[in-house]
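Enquirer: Just passing along the structure, written as structure tokens.
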Amino acid sequence: MQPQKKLINSVDSCVDEALWGLVRASGGLSLLTGHRVVVRSDLQSLKGKVALLSGGGSGHEPAHGGYIGAGMLSAAVAGGVFASPPPTSILAAILSLHNAGASGVLLIVKNYTGDRLNFGLAAEQARNHGVAVDMVIVAEDCAFDRPSKAGRRGLCGTVFIHKLAGALAEEGSSLAQIVSTVTEVLKGIGTLGVSLSPCSVPGCLPSFELLPGDMELGLGIHGEPGIKRSKVSSADEVVRTMIEHMTNPDSQSHLPLQSGDTVVLCVNNLGALSCLEMSVVTRAAISCLEDRGVVVARAMSGSFMTSLEMAGVSLTLMKADQEVLRLFDARTSAPAWPNLSSISVSGRSCVTEAPVMSTKPQDDTQNEGPLSPVMRKALEKICSTLLEKQEELNSLDRAAGDGDCGNTHAQAARAIQEWLQGHVVPGCPGRLLSALAGLVEEKMGGSSGALYSLFLTAAAGHMTEGRSNAAAWAAAMHAGTQAMRRYGGADPGDRTMLDALCPAVDELMKLKTAPPAEHMAVLQKAVQRAVSGAESTRDLTARAGRASYISADRVTLPDPGAVAVAAIFTAVMETLQTGN
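Numbering (this note's numbering), first residue to last: 5 to 584.
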């Protein structure tokens with residue numbers, strides 16, 4: 005087995021280069037010379053206030069450097085990937101904050117042995133330098149029913165402490181006041197994670213193995229073992245399991261949570277879940293909590309404390325009163341803190357009424373006209389033709405697309421057939437075209453549905469009650485074609501349906517000046533040009549549509565969209581010839 009590929013320059017330099025990337029992109033941050041310590045660029049603004057320092061191993065980005073700024077951390081010290089930072093760097097950070105005039109320094113430390121030892125040693129050394137320093141240990145993991153002597157692990161709840169302590173420090177609270185407040189808040193914070201994959205330290209093999217289709221509940225942010233493995237189930241079920249475990253009173257590490265309680269929710273991406281999955285999980289978590297009678301006051305969803313490329317998520321709940329929410333909502337300049345609303349999640353209407361829209365005419369009030377019978381026959385012929393050609397079009401599409409061109413045209417044909425059975429064909433061609441535009445938009449789907457609907461919608465505007473002669477039909481077809489070109493981005497020669505449509509419409513434009521006796525000849529010529537245009541696509545290189553992604557030497561059959569257009573024109577001509 006080979007180590008996981010990562011987009012880095014080298015294993016040895018990746019942490020330092022990542023820190024440089026953070027500070028170069030963030031105007032309010034800078035690096036302490038000789039150390040992996042990120043500090044606020046405006047250290048002078050700390051004078052007379054408590055400074056906050058946190059940190060730990062790298063690989064949890066944006067924690068902790070991303071939380072440096074006014075209203076949050078003053079500095080963060082980074083160790084190697086998943087390795088506690090050295091005491092010398094921690095002490096250098098403390099002294100930098102002290103020398104900037106901070107009235108005291110609070111260390112916010114996750115409950116891991118290495119972090120406790122190294123931050124603790126630096127704290128003792130700092131006291132010997134005359135620095136007022138205190139330390140808060142975050143240990144909010146809800147995984148283990150009976151935690152070991154090492155205690156509960158520190159997880160994403162640490163970020164909540166950064167925020168609350170930072171708001172208090174910004175307001176000028178004393179070191180003792182801040183410690184007292186956050187220590188009390190910590191009693192109401194709980195976190196639990198679940199993973200669908202392991203992660204791997206750069207240059208190393210994955211930290212553990214997880215079979216495809218399995219997930220692990222309660223693992224740590226360094227890949228430490230969890231409490232249970234099981235098959236991956238639905239997002240709703242996974243979230244329900246997580247919240248039930250977090251709040252199970254039989255567990256010594258549970259979060260006491262009752263109906264009526266108010267919480268802040270954090271849905272934290274452990275590294276590799278997609279944004280779509282994260283939103284699904286967020287919806288599930290809010291719904292699950294509300295079903296239990298819990299009020300979700302705020303919800304944050306994103307990557308806040310990751311575990312490299314682990315595909316997983318953690319849920320953090322913090323019980324909150326109005327004072328906690330006030331501190332949580334306070335402004336901060338930290339680059340990784342999300343731009344959250346101060347409006348309660350629960351109790352807010354999340355629905356805005358959509359306007360009443362209809363692309364279809366009020367068919368029940370339509371009257372037939374002289375053209376109604378022939379238009380009905382033409383539509384029936386078009387539909388039967390497209391249904392007959394369904395497999396042929398699919399076969400052509402399989403050569404350069406996803407093989408469903410015939411299916412989508414058949415869907416439209418069946419929808420029109422069904423519509424014809426229950427509706428009068430209006431005498432005004434424009435109203436009929438509008439009705440057809442709505443049908444194909446709704447029933448055909450995909451880019452084909454959008455293109456045909458564009459064509460029909462634009463054409464409908466040129467066909468009014470008083471304008472339904474041959475010249476008007478020609479203008480309407482031209483307008484529809486131009487709309488397809490404008491919004492679809494394709495042109496004749498790009499190996500699309502336009503290669504059949506445009507030549508035919510160019511020919512139809514002659515209807516504007518041709519005498520009535522020549523109208524059928526013009527139509528026949530238009531059909532011929534549509535058929536030859538479709539055939540010509542055999543020799544064209546696709547420059548638009550899905551076929552444009554296929555090697556030209558693999559596309560030797562005519563374009564299915566162009567063939568469909570030619571078939572539609574042929575069906576119309578045959579209907580008119582039969583009618584004569």
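No residue lacks a Cβ here, since even glycine has one placed at the ideal position from N, Cα and C.
Does the stretch 94-102 come into contact with the stretch 348-362, if we say contact requires no fewer than three beta-carbon pairs (one atom in each stretch) closer than 8 Å?
Expert: These segments do not touch.
Enquirer: Output the distance between the C-alpha atoms of residue 198 and residue 230, rounded to the nearest integer angstrom.
Expert: In a straight line, the C-alpha of residue 198 is about 8 Å away from that of residue 230.
Enquirer: Roughly how many angstroms lie between the CA atoms of residue 368 and residue 389, to the nearest whole one?
Expert: For residue 368, the predicted structure reports a pLDDT of 45, less than 50, and the residue's modelled location is therefore unreliable. The matter cannot be settled from this model.
Enquirer: Excluding the 5 residues flanking residue 135 on each side, which residues of the same chain have their C-beta closer than 8 Å to its C-beta?
Expert: Answer for residue 135: 98, 99, 102, 108, 109, listed in chain order.
Enquirer: Whether or not the stretch 243-254 and the stretch 316-323 are in contact is what I'm after, with contact meaning three or more pairs of Cβ atoms, one per stretch, closer than 8 Å; do they touch?
Expert: Contact holds: three or more Cβ-Cβ distances are below 8 Å.
Enquirer: Taking only the alpha-carbon atoms, compute the straight-line gap between residue 624 and residue 92 and give it to the nearest angstrom.
Expert: No answer is possible for residue 624: the residues shown for the chain start at 5 and end at 584.
Enquirer: For residue 305, tell me which candidate among 284, 292, 314 has the shortest Cα-Cα distance.
Expert: Comparing Cα positions, the closest option is 284.
Enquirer: For the structure I just gave you, are there three or more beta carbon pairs, one from the stretch 169-181 and one from the stretch 66-78, closer than 8 Å?
Expert: Contact between the stretch 169-181 and the stretch 66-78 is present, because at least three Cβ pairs lie under 8 Å.
Enquirer: Determine the DSSP secondary structure at residue 488, reduced to helix, strand or coil.
Expert: Correct three-state label for residue 488: helix.
Enquirer: Determine the contact status of residue 62 and residue 82, defining contact as a CB-CB distance below 8 Å.
Expert: Yes, the Cβ-Cβ distance between residue 62 and residue 82 is below 8 Å.
Enquirer: Does the beta-carbon of residue 491 have 16 or more other beta-carbons within 10 angstroms, so that it is buried, or is it exposed?
Expert: Exposed is the call here.
Enquirer: According to the neighbour-count rule (16 or more other Cβ atoms, all chains shown, within 10 Å of its Cβ), is residue 557 buried or exposed?
Expert: Unreliable positioning characterises residue 557 in this predicted model, as indicated by a pLDDT of 46, which lies under 50. The coordinate reading is nonetheless provided below. Result: exposed.
Enquirer: Quick one: Cα of residue 105 to Cα of residue 55, how far?
Expert: About 9 Å.
Enquirer: Kindly indicate which three-state DSSP category residue 28 falls into: helix, strand or coil?
Expert: DSSP places residue 28 in helix when its eight states are reduced to three.
Enquirer: Three or more C-beta pairs closer than 8 Å, one from the stretch 454-470 and one from the stretch 388-406: is that the case here?
Expert: The answer is no - the stretch 388-406 does not touch the stretch 454-470, with fewer than three Cβ pairs under 8 Å.
Enquirer: Between which residues of its own chain and residue 561 is the CB-CB distance below 7 Å, once the five residues before and five after are set aside?
Expert: Answer for residue 561: 400, 403, 542, listed in chain order.
Enquirer: Exposed or buried, what is residue 435 when buried is set at 16 or more other beta-carbons lying within 10 Å of its beta-carbon?
Expert: The residue is buried, with at least 16 neighbouring Cβ atoms inside 10 Å.
Enquirer: Expressed to the nearest angstrom, what Euclidean distance is found between the alpha-carbon atoms of residue 80 and residue 127?
Expert: Distance between the alpha carbons of residue 80 and residue 127: 14 Å.
Enquirer: Just how far apart, CA to CA, sit residue 49 and residue 65?
Expert: Straight-line Cα distance between these residues: approximately 26 Å.
Enquirer: Would you please state the rounded distance, in angstroms, between the beta carbons of residue 142 and residue 115? I believe it to be under 8 Å.
Expert: Contact holds; Cβ gap of about 6 Å.
Enquirer: Starting from residue 316, trace the beta strand (DSSP E) both ways and give me its first and last residue.
Expert: Taken as a continuous stretch (DSSP letters only), the beta strand (DSSP E) holding residue 316 covers 316-323.
Enquirer: Under 8 Å between the Cβ atoms of residue 385 and residue 566?
Expert: No, Cβ-Cβ distance for residue 385 and residue 566 is not below 8 Å.
Enquirer: Once you ignore the five residues that flank residue 118 on each side, which residues in its own chain have a CB closer than 6 Å to its CB?
Expert: Here the set comprises 88.
Enquirer: For residue 552, name the three-state secondary structure that DSSP assigns.
Expert: In this prediction, residue 552 has a pLDDT of 48, which is less than 50 and means its spatial position is unreliable; what the coordinates show is noted afterwards. Three-state DSSP puts residue 552 in a helix.
Enquirer: Out of 416, 152, 464, 452, point me to the one whose CA is closest to residue 430's CA.
Expert: Ranking 416, 152, 464, 452 by Cα distance to residue 430 puts 464 first.
Enquirer: Report the residue from 184, 378, 223, 203 whose alpha carbon sits nearest the alpha carbon of residue 196.
Expert: Nearest of 184, 378, 223, 203 to residue 196, Cα basis: 223.
Enquirer: Could you have a look at residue 62 and say whether DSSP puts it in helix, strand or coil?
Expert: Residue state, collapsed to three classes: strand.
Enquirer: I need the straight-line Cα distance from residue 149 to residue 258, nearest angstrom please.
Expert: Answer to the nearest angstrom: the Cα atoms are 8 Å apart.
Enquirer: Apart from the five residues on each side of it in sequence, which residues of its chain come closer than 6 Å, Cβ to Cβ, to residue 67?
Expert: Around residue 67: 309.
Enquirer: Give me the Cα-Cα distance between residue 366 and residue 474, rounded to the nearest whole angstrom.
Expert: In this prediction, residue 366 has a pLDDT of 48, which is less than 50 and means its spatial position is unreliable; nothing more can be read from the coordinates.
Enquirer: Name the residue from 28, 301, 503 whose alpha carbon lies nearest to the alpha carbon of residue 544.
Expert: Ranking the options by Cα distance to residue 544, first place goes to 503.
Enquirer: For residue 218, which of helix, strand or coil comes out of DSSP?
Expert: Strand, per DSSP.
Enquirer: Considering only the alpha carbon of each residue, which of 528, 392, 210 lies closest to residue 2?
Expert: There is no way to answer for residue 2, as the model of the chain reaches only from 5 to 584.
Enquirer: Do you know how far the Cα of residue 581 is from the Cα of residue 505?
Expert: Cα to Cα, the separation comes out at about 21 Å.
Enquirer: How long is the line joining the alpha carbons of residue 280 and residue 238, rounded to whole angstroms?
Expert: Those two C-alpha atoms are separated by around 14 Å.
Enquirer: Return helix, strand or coil for residue 199, following the three-state DSSP convention.
Expert: The answer is strand: DSSP assigns residue 199 an E or B state.
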